[in-house]
Structures are given as structure tokens and as C-alpha cells.
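Count along the sequence shown from 1, then add 1; that gives the number in the working numbering.
Glycine included, each C-beta is placed from N, C-alpha and C at the ideal position.
Some notes on the structure that comes next.
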Amino acid sequence: MSLGLLLGGCSTVTSTTNTESGQSATTAGETKTAGNQQQTYQQLAKMTYQSGGAAAIKVNSGKSTLKASQWKNSKIDYGNLDRLNRTTTDTAYLSKANLGRSAGRTAQTWSPTGWHNQPIKVNGKRVYPQNRGHLIAYTLSFNLTNTGKYRSGEDGSLDNPKNLATQTAYSNQKTMQIYEDQVRTAMEQGKKVIYKVTTVFRGDELMPRGYWSQAVSTDGSVNFNVYIWNVEPGVSFDYATGRGKADSTMQVAGADKVNSSANTIQSRHYSKKPTTSKQVEKELYRYGYKYVKKHLNN
Numbered sequence: 002m003s004l005g006l007l008l009g010g011c012s013t014v015t016s017t018t019n020t021e022s023g024q025s026a027t028t029a030g031e032t033k034t035a036g037n038q039q040q041t042y043q044q045l046a047k048m049t050y051q052s053g054g055a056a057a058i059k060v061n062s063g064k065s066t067l068k069a070s071q072w073k074n075s076k077i078d079y080g081n082l083d084r085l086n087r088t089t090t091d092t093a094y095l096s097k098a099n100l101g102r103s104a105g106r107t108a109q110t111w112s113p114t115g116w117h118n119q120p121i122k123v124n125g126k127r128v129y130p131q132n133r134g135h136l137i138a139y140t141l142s143f144n145l146t147n148t149g150k151y152r153s154g155e156d157g158s159l160d161n162p163k164n165l166a167t168q169t170a171y172s173n174q175k176t177m178q179i180y181e182d183q184v185r186t187a188m189e190q191g192k193k194v195i196y197k198v199t200t201v202f203r204g205d206e207l208m209p210r211g212y213w214s215q216a217v218s219t220d221g222s223v224n225f226n227v228y229i230w231n232v233e234p235g236v237s238f239d240y241a242t243g244r245g246k247a248d249s250t251m252q253v254a255g256a257d258k259v260n261s262s263a264n265t266i267q268s269r270h271y272s273k274k275p276t277t278s279k280q281v282e283k284e285l286y287r288y289g290y291k292y293v294k295k296h297l298n299n
């Protein structure tokens, strides 16, 4: 797998928006940025995960291209579904008011593209390797409507088609949460955060190859830009359809720490201490991502 362009901090890697999100650039500067966004998107879409590799890699040397000055008020800009009904890009402008959790959740009924909820026997255990994955986490989206506007008393975004994609249990419950926790901790501390997630598809495939995630806080304490592979230990996927099958050759670093399940509802225990970049890197290493430390700590 060739990572030189992304890990080397190429100056053209500047943004995360898929051009099919329905957003368009109107100024010369925006046009250039949109071109860079699409170029980077296509670079990521062409990459193929290699068994045993890192669960996440840096984009733009790990630095967000989001501008903290763009934060004006709490909202989520949900990208429109594309011509194949796939999610595109969601950008959230978050504050402490958007944190939440509830005793129970209503059932999810939306089936994102590539969704099969197919049980597979892995190492003798019956598992469900797919989740309905939120681009913007449920617990980060309270007091916002399904159109992303602020309204007090609203529950988090749970069954919004523009915020759900077919994600592996490993990517959803382990890798992505490490970055979500940085955002969550900053919000707990009263900081404001811009958080953007793009689902990356190759061609007309229905299941994302990965999740391109970046965030920046207005005080600069949170700043990351990563590509999270949509992979599952012991399972290989046909991303064109989303169908999976048991595959003992598919390994993901830290797989022994993962328990796959369908739409796992986990209680969220908010951090009591600030989360620093170094602590996040230690958490990645603790999960056993033997290649992540090499790639993310350079």
C-alpha cells in the first residue's frame, strides 16, 4: 500500500468534501479548494487496505484544514445523498450544548447503501460485522434537528439517512471512537469544535472504503485529520454490494480487542480528565495498532 503522498503531508491534501455532496464553490479560492478536495478524495478512494495494516492513517500530516473562525453557532450541515443514495459529507459546529445521552434509543429503520446485517461465523463465533455507523456521533448531536438547526430539547441524530452509512463494527466501535472522544472531551470542557466526516466510496460501490475524519477546536487544542479504514478482522467485504464473508487472512492490528456485534448500544462514560494528542496516541497503541504508532506519531 502506497502511503507516501498522504503520510508525507502533501500540500494538495487540503480538505474532505466529496463533490457529489451538492455543495459548490463560487469564488476562485473556493474553486481551488474544491479541486483539492476532490483530488484527495479520489486518492483515498483508490487506496486498498492491506491485511495487518494500520487502522487509520494521516491526511495532510494529520492536521485539519478546517478554519476555526468558521464556527459561528451550533449546527450540522448534512450533505445531500448522492445519485446512488449514499452519504457524502457532514460538517458539525458543536458546543457543550450538543452533548447528550439517553436511557434508551428508538429503533433504527433506515438501511444505508450496502447494509445487510448479515451474520458471519468468525473463529467459531456468530458475529454481525456491520453497524449502521453515524458520521456525526449520536452523543454529539443533541439539541439539533434532523436538518441540523439548533432547537433545544431535540434528541441526537439517530436515524437520519444523511448521517448513516454501512460501517464495520471494528471501525465504528474502536477506531472512530478514539477520534470522537477527542471531540467529546473538548466539548465537555466548554470548547467549540468543528468536526467533519466524509464517507469515501470507490466508484459506484455501495459500502464505504473508509471514513475521512477531521476536527479543529476554536482554541486549537483539538486538531486532527485522518482516514479510518472501514475494515473488520476475520471478514472481507465486496464493497460493491456490502456483502461479507469469513476470511482468516484478513487481519487488523488490535483485532483481539474487538468484539463485533450488531448495532451495539454502549453506555458513554464521559472523560473526567482532558484528552491530549499524546493520550490518544497511547490509546491507539494500547489497542495494539502496531502500524498506527509508526504512521501517526511521525
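Query, Result
"One or two residues paired with Thr148 in a DSSP bridge", "Partner(s): none; Thr148 has no beta bridge."
"Closest residue to Lys122 among Thr49, Asp239, Glu233 (Cα-Cα distance)", "Glu233"
"Reference Lys197, options Ala247, Asp78, Lys73, closest by Cα", "Asp78"
"Stretch pair the stretch 162 to 175 + the stretch 224 to 242: three plus CB contacts closer than 8 Å", "yes"
"Start and end residues, beta strand (DSSP E) containing Gln131", "131 to 135"
"Inter-residue CB distance, Gly149 and Lys73 (contact presumed, cutoff 8 Å)", "Contact flag wrong, Cβ pair sits at about 13 Å."
"Candidates Leu136, Arg84, Lys192, of which the one nearest Asp205 by Cα", "Arg84"
"Selection from Lys246, Ala241, Ser237 that minimises the alpha carbon distance to Val253", "Ser237"
"Helix, strand or coil at Asp182 [DSSP, three-state]", "helix"
"Under the three-state DSSP convention, the category Ala56 falls into", "coil"
"Stretch-stretch touch, CB-based, cutoff 8 Å, three pairs: the stretch 98 to 117 with the stretch 207 to 225", "yes"
"Beta-carbon gap between Gln109 and Asp156 smaller than 8 Å", "no"
"Classification of Ser52 by the beta-carbon crowding that lies within 10 angstroms, buried from 16 upward", "exposed"
"Residue nearest to Met188 in terms of C-alpha spacing, selected from Leu95, His135, Asn147", "Leu95"
"Chain B within 8 Å of Thr167, Cβ atoms only", "Absence of chain B from the displayed structure is noted, only one protein chain being present."
"Extent of the continuous beta strand (DSSP E) run through Asn231", "Where Asn231 is concerned, there is no enclosing beta strand (DSSP E), given that its DSSP letter is neither H nor E."
"Leu136 beta carbon less than 8 Å from that of Ala166", "yes"
"Neighbourhood of Asn147 by C-beta, 7 Å cutoff - its chain only, sequence neighbours within 5 removed", "Ser158, Asn161"
"CB-CB length for Ala46 against Ser218, believed under 8 Å", "That belief does not hold up - the Cβ atoms of Ala46 and Ser218 are roughly 28 Å apart, past 8 Å."
"Cα-Cα separation, Thr49 to Trp213", "14 Å"
"Cβ-Cβ distance between Asn144 and Gly134 below 8 Å", "no"
"With 16 other Cβ atoms within 10 Å as the buried cut-off, status of Glu80", "For the record, residue 80 in the displayed sequence is Gly; it is not Glu. Buried, since its Cβ has 16 or more Cβ neighbours within 10 Å."
"Alpha carbon of Thr92 to alpha carbon of Ala138, nearest angstrom", "12 Å"
"Nearest-angstrom beta carbon gap, Val227 and Lys59 [assumed within contact, 8 Å]", "6 Å"
"Reference Arg127, options Lys246, Met251, Gln38, closest by Cα", "Lys246"
"Limits of the unbroken beta strand (DSSP E) element including Arg127", "126 to 128"
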